[in-house]
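To start, the structure under review is shown below, and the notes come after it.
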Amino acid sequence: RTVGSVWLERRVALYQERLGVEPSGIEVRDLGYRWGSCGEKGVLNFHWHTVLLPPPIADYIVVHELAHLIERHHTPRFWSLVERVLPDFQARKQWLAENGGSYGLLKTPALP
């Protein structure tokens, strides 16, 4: 495990408690143009570049993926879960859209 993997695992542990969920696993790897994904079996995947982001932005990605363990799609319920944990998630999401591309990915990945 890398230092980045350990750091992300700690962030996931913090926020999984707040959402009352537990992923079946955490993987940190190259996801191409995506910052993260939530597999059908509950495994959270994070692009390794996530650890290069400012911590509040990485936390948004972590919470976003954890919320998918409860709600698979980007429904109003999904965004309500994210907002409950990160009331300022809109600003973080916007920052990622505007600045994420400068963190080493070929194009700025989207988190809808």
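For what it's worth, the numbering used here labels the leading residue of the sequence shown as 28, then goes sequentially. Ideal Cβ placement from N, Cα and C applies to all residues, glycine included. Predicted model, so just to flag it, every value in this text is computed and none were measured.
If distances are taken between C-alpha atoms only, which option among the options comes closest to residue i?
i	options	result
N72	E49, E92, R104	E92
R38	I88, W62, V109	I88
So residue i is in the alpha helix (DSSP H); what residue range does that whole segment cover?
i	result
V78	Segment: none, V78 is in no alpha helix (DSSP H) and carries neither H nor E.
P31	Here the sequence assigns Gly to residue 31, which means Pro is not the residue at that position. That run of the alpha helix (DSSP H) goes 30 to 46.
E110	103 to 112
Note down the Cα distance separating residue i from residue j, rounded to an integer number of angstroms.
i	j	result
I53	D86	14 Å
G8	R111	Given that the chain is displayed from residue 28 to residue 139, the structure contains no residue 8 and the question cannot be resolved.
Y60	W75	11 Å
L35	V90	11 Å
W106	V33	27 Å
P50	Q43	8 Å
L46	A118	20 Å
R56	Y130	15 Å
P114	I84	13 Å
A124	F116	12 Å
G66	T102	18 Å
Would you list the residues sitting across from residue i in a DSSP beta bridge?
i	result
I53	L71
What is the residue span of the beta strand (DSSP E) that residue i lies within?
i	result
S129	Unbroken run through S129: none, as it is neither H nor E.
G63	63 to 65
Review point. If you pair each beta-carbon of the region 74 to 83 with each one of the region 93 to 107, do three or more pairs fall below 8 Å?
Key: Because the criterion of three Cβ pairs below 8 Å is not met, the region 74 to 83 and the region 93 to 107 do not touch.
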